[in-house]
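Peer 1: Numbering (my numbering), first residue to last: 25 to 188.
Note that CB positions come from ideal geometry on N, CA and C, so glycine has one too.
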Amino acid sequence: MSTPDELRTPDELWMEEALREAQRAHAQDEVPVGAVVVHEGQIIGRGYNRNRTDSDPTAHAEIVALREAGTHLGNHRLGSCQMFVTIEPCAMCCGALIHARLARLVYGADDPKAGAVHSMMQVLNHPQLNHRMEVTGGVLAGKCAEIMQAFFEQRRGMKTKGKG
Numbered sequence: 025m026s027t028p029d030e031l032r033t034p035d036e037l038w039m040e041e042a043l044r045e046a047q048r049a050h051a052q053d054e055v056p057v058g059a060v061v062v063h064e065g066q067i068i069g070r071g072y073n074r075n076r077t078d079s080d081p082t083a084h085a086e087i088v089a090l091r092e093a094g095t096h097l098g099n100h101r102l103g104s105c106q107m108f109v110t111i112e113p114c115a116m117c118c119g120a121l122i123h124a125r126l127a128r129l130v131y132g133a134d135d136p137k138a139g140a141v142h143s144m145m146q147v148l149n150h151p152q153l154n155h156r157m158e159v160t161g162g163v164l165a166g167k168c169a170e171i172m173q174a175f176f177e178q179r180r181g182m183k184t185k186g187k188g
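1. Val61 bridges to which residues according to DSSP?
2. With contact counted as at least three CB pairs below 8 Å, one residue from each stretch, are the segment 51 to 60 and the segment 70 to 80 in contact?
3. Please report the distance separating the alpha-carbon of Leu164 from that of His63.
4. If you scan the segment 145 to 177 from start to end, which runs of the beta strand (DSSP E) of 3 or more residues do you find wholly inside it?
5. Just the C-alpha distance for Cys117 and Thr95, rounded to the nearest angstrom, thanks.
6. For Val57 versus Val109, is the C-beta spacing smaller than 8 Å?
7. For a test of the three-state rule: what should DSSP assign to Gly139, helix, strand or coil?
8. Who are Val130's beta bridge partners in DSSP?
9. On the DSSP letters alone, give me the boundaries of the alpha helix (DSSP H) that His50 sits inside.
10. Does the beta-carbon of Ile171 have 16 or more other beta-carbons within 10 angstroms, so that it is buried, or is it exposed?
11. Buried or exposed: which applies to His150, given that a residue is buried once 16 or more other Cβ atoms fall within 10 Å of its Cβ?
12. By a C-beta neighbour count over all protein chains shown, 10 Å radius and 16 as the cutoff for buried, is His84 buried or exposed?
13. Buried or exposed, going by whether 16 or more other CB atoms sit within 10 Å of the CB of Ser26?
14. Kindly indicate which residue of Ala127, Lys167, Phe175, Gly139 has the alpha-carbon position closest to the one of Met157.
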C-alpha cells in the first residue's frame, strides 16, 4: 500500500516544506509566505517573511532563503538550484532570482496584487534579460492560497474589533 508521500510529486513535497515556513511566518504575525531552495535533492535555504520582525522591507521569504542558500554554497550564483515558494514572487524577489541565476522557480498560488511572474507583470520573461529559468506555477495552489486568506481574514477581524 502506498503512503501519502509516495502519492505526491517531488514538487508537492518540496512545496509542503515551503508551507511549513509560511506557517512559521503566520505564527509570528508576518504575512505567511514561505520558501525553500533545493540543491541536489537537499534543502540548503529556508525562509519566511520577516519584514516586521526584522524591520526590513527586503526580508521576503524568497530573499531570506536565497541568502541562506548562497551562504551554504559559498556562492551568490545558484544556477543548479530550485526555489519553491508558496506565492508568486513580487518584482523585487524576481530580480533576486534572476541575479542568483536560479535554474527553476516553483510557486503555489498566484498573487494578483503583486505577482511579477505573470499576474501583474512578467519580469522573468523580459527579452533583454541575460538569464532564463524554468517556471512552474500552481503547485498546491489551494493550500498556499488558504493560509494567506486565513491570515488576512484574521487580521481584518482584529481591525474590526479594534485590536489591529
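Peer 2: Reading it off the structure:
1. Gly69, Met107
2. yes
3. 21 Å
4. 158 to 160
5. 18 Å
6. yes
7. coil
8. Phe108, Thr160
9. 34 to 51
10. buried
11. exposed
12. buried
13. At Ser26 the pLDDT is 48, less than 50, meaning the model places this residue with poor confidence; the figure from the coordinates comes in the next sentence. The residue in question, Ser26, is exposed, as its Cβ has fewer than 16 Cβ neighbours within 10 Å.
14. Ala127
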